[in-house]
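**Q** Taking this note's numbering, the leading residue of the sequence shown gets 5, the next gets one more, and so forth.
Virtual Cβ for every residue (Gly too), placed ideally from N, Cα, C.
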Amino acid sequence: MKITDIFRQQIRTFSFEFFPPKDEISAVDFGINVGRLMNLHPDFVSVTYGAGGSTQERTFAMVDYLHNKIGLNTVAHYTCVGASKESIQKDFRYLQSIHVKNLMLLRGDPPKGSDRFICHPGGFSYASELINLAKELNLFAIGAGCYPEKHPEAHSFDADISNLKKKVDAGVDFLITQLFFNNQHYFNFVEKARKSGIINRIIPGIIPLTAYSQIRRFTKMSGTDIPAELLDSAESYKDKPEKIYQLGVDFAITQCAELLSNGAPGIHFYTLNKSRAAVDIFETLKHKNLPI
Ligand SMILES: Cc1cc2nc3c(=O)[nH]c(=O)nc-3n(C[C@H](O)[C@H](O)[C@H](O)COP(=O)(O)OP(=O)(O)OC[C@H]3O[C@@H](n4cnc5c(N)ncnc54)[C@H](O)[C@@H]3O)c2cc1C
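(1) Below 6 Å CB to CB, which residues in the same chain sit around L234 once its five sequence neighbours on both sides are set aside?
(2) Between the Cα of I219 and those of E239, N204 and N167, spot the shortest distance and give me the residue it belongs to.
(3) For the alpha helix (DSSP H) holding F286, just list the boundary residues, first then last.
(4) Identify the continuous alpha helix (DSSP H) that holds L110 and give its terminal residues.
(5) Under a Cβ-count criterion, where at least 16 other Cβ atoms within 10 Å of its own Cβ denotes burial, should T17 be classed as buried or exposed?
(6) For the beta strand (DSSP E) that contains G149, what are its first and last residues?
(7) What would DSSP say about E133, mapped onto helix, strand or coil?
(8) Any idea if N187 is buried or exposed, counting beta-carbon neighbours within 10 angstroms, 16 or more meaning buried?
(9) What's the call for Q13, buried or exposed, on a 16-neighbour Cβ count within 10 Å?
(10) Where E246 and K278 are concerned, what is the direct C-alpha to C-alpha distance, given to the nearest angstrom?
(11) Once the 5 residues before and after I130 are set aside, which same chain residues still bring their CB inside 7 Å of it?
(12) May I have the straight-line CA-CA distance separating G54 from G149, to the nearest angstrom?
(13) S132: buried (16+ other C-beta within 10 angstroms of its C-beta) or exposed?
(14) Along the chain, which unbroken stretches of the alpha helix (DSSP H) at least 4 residues long are found entirely within the region 212-245?
(15) At a cut-off of 7 Å, is Y190 close to ligand 1 when judged by its beta-carbon and the heavy atoms of the ligand?
(16) Name the DSSP bridge partner or partners of L179?
(17) Are the region 18-38 and the region 86-106 touching by the rule of at least three beta carbon pairs closer than 8 Å?
(18) Any heavy atom of ligand 1 inside 7 Å of the beta-carbon of S91?
(19) From the DSSP secondary-structure annotation, give me the bridge partner or partners of E21.
(20) If you measure between the beta carbons of I230 and F273, is that distance less than 8 Å?
(21) Between which two residues does the alpha helix (DSSP H) holding H124 run?
(22) Alpha carbon to alpha carbon, what distance is there between F23 and A65?
(23) Taking the alpha carbon of G267 as the point to measure from, which residue in A174, G252 and R205 has its own alpha carbon closest?
(24) What residues are listed by DSSP as bridge partners for V85?
(25) If we call anything under 8 Å between Cβ atoms a contact, is G175 one with I7?
(26) With hydrogens ignored, establish whether the beta-carbon of T275 is closer than 7 Å to any heavy atom of ligand 1.
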C-alpha cells in the first residue's frame, strides 16, 4: 500500500526504521526484533540505504523480505551516492518489479573525511533531482528527509527551508525529520515550513538514547541539541546501564507524548534494529491513552 493511501485513512502513522543486518548473526537478531515489533502493528517500516550505496543488495533484499514475505508496508531508502541516471532508473524498475510502492529519496552524505558531497558524473547533486526522476515514473509514494536543526551544510536555516521547498515541489509526498531531542526545534521548524508553503506531513524521527556510550557519541555529533538534564542524569548513572536505559526510554516517552499532544502526525522510530525500547515506549504511550 502506498503511504499516501494510509494518510487518506489516518491522521497519524507509527513507523520503524531498520538498517540491513551485516552478517548472519545480526540477521537472526533482526528477525527476532522484527517479530517483536510486528506486535505493535506499525503503519509502515523503512530500510536504510548504507553510506555510499554500500548496502544496496542487502537493502533491497531486506525490503523484499519485509514487504513480500512478512507483509509490512515497506519504504525503501535510496540515495544519489555513486549512481548514474541510468543505474537509478534500473534500480527503480527493479524496486517496482518486487512491488515496492514507497521510496525515501535522499542525497546521501559526503564520503568519510570530506565535508563535500561528490556527485557521480552522470548522476545527481541533490535529492530533489532524484525525486524529479522518480516522480516522472509515477509509481511510488515519495518521502524525503528534513532537518529541524538545519542541515549541517546549509548556510542558514532560511536557505535550508527554501531548498526544502524546492525538494517538496519536485514531488515529495511526506517528510521525515532527522532525529532531535528538543521538541521546540521541531515545533519551530514546522511553523517555518508551513510559512514557506510546505503542507506535507512532517513526521518526527525519534531515537531513544539508552546507553551511556550512545549518549556520548550523540553529544559529540555537531548540530544535535541534547537537553542538559538528560546529559546530567546520564553522567550520574554512568556505571548503571539499566538506569541509563530507563532514563532514555522515559525521556523518549515524554518527548513523543508532547509531540503527539501538540499535533505531530505520528512518530517514525529509529530502532537501530532493537525492539526493547520501541516496545516499552509504544506500550506506555498506549496506556497513557495518547493518540497512537
Ligand atoms: C529521515 C532520514 C533518513 C535518511 N536515510 C538515509 C539513508 O538511508 N542512507 C543515507 O546514506 N543517508 C540517509 N539520510 C542522511 C542524508 O543522506 C543526509 O542527511 C544528506 O547529507 C542529505 O540528504 P538530503 O536528502 O536531505 O539532501 P538534500 O535535500 O539534497 O540537501 C542537501 C544539502 O543541499 C542543500 N540543497 C538542497 N537543494 C539545493 C539546491 N537546489 N541548491 C543549493 N543547495 C541545495 C540543502 O539545504 C542541504 O544543505 C537520511 C536522513 C534523514 C533525515
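**A** Considering the structure as presented:
(1) Counting only Cβ-Cβ distances below 6 Å, and skipping sequence neighbours, we find F255.
(2) Measuring from the Cα of I219, the nearest candidate turns out to be E239.
(3) Where F286 is concerned, the enclosing alpha helix (DSSP H) stretches over R280 to H291.
(4) L110 -> not in any alpha helix (DSSP H); beta strand (DSSP E) instead, spanning N106 to L110.
(5) With 16 or more other CB atoms across the displayed protein chains lying within 10 angstroms of its CB, T17 is buried.
(6) Boundaries of the beta strand (DSSP E) harbouring G149: A145 to C150, taken from the DSSP string.
(7) E133 falls in the helix class under three-state DSSP.
(8) Counting C-beta atoms within 10 angstroms of its own C-beta, N187 has 16 or more neighbours from the protein chains shown and is therefore classed as buried.
(9) Classified as exposed, Q13 has fewer than 16 neighbouring CB atoms from the shown chains inside 10 Å of its CB.
(10) Going by the C-alpha atoms only, they are around 16 Å apart.
(11) The amino acid occupying residue 130 in the given sequence is Tyr; Ile does not appear at that position. Apart from the 5 residues on each side of it in sequence, Y130 sits with its Cβ closer than 7 Å to the Cβ of R111 in its chain, given in chain order.
(12) Approximately 15 Å between the Cα atoms of the pair.
(13) With 16 or more Cβ atoms within 10 Å of its Cβ, S132 is classed as buried.
(14) Listed in chain order, the complete alpha helix (DSSP H) runs (minimum 4 residues) inside the region 212-245 are 216-224 and 232-240.
(15) Checking every heavy atom of ligand 1 against the Cβ of Y190, none is found closer than 7 Å.
(16) L179 pairs with A148 and I206.
(17) Flag = no, the region 18-38 and the region 86-106 do not touch.
(18) No, Cβ of S91 sits at least 7 Å from all heavy atoms of ligand 1.
(19) S50 and Y274.
(20) No, these two residues do not count as a Cβ contact at 8 Å.
(21) H124 -> no alpha helix (DSSP H), and no H or E assigned at all.
(22) Their Cα atoms are separated by approximately 11 Å.
(23) Of A174, G252 and R205, the smallest CA-CA separation from G267 is found for R205.
(24) Note: V85 is not bridge-paired with any residue in the DSSP secondary-structure output.
(25) Cβ distance not < 8 Å, so G175 and I7 don't count as in contact.
(26) T275 Cβ: outside cutoff for every heavy atom of ligand 1.
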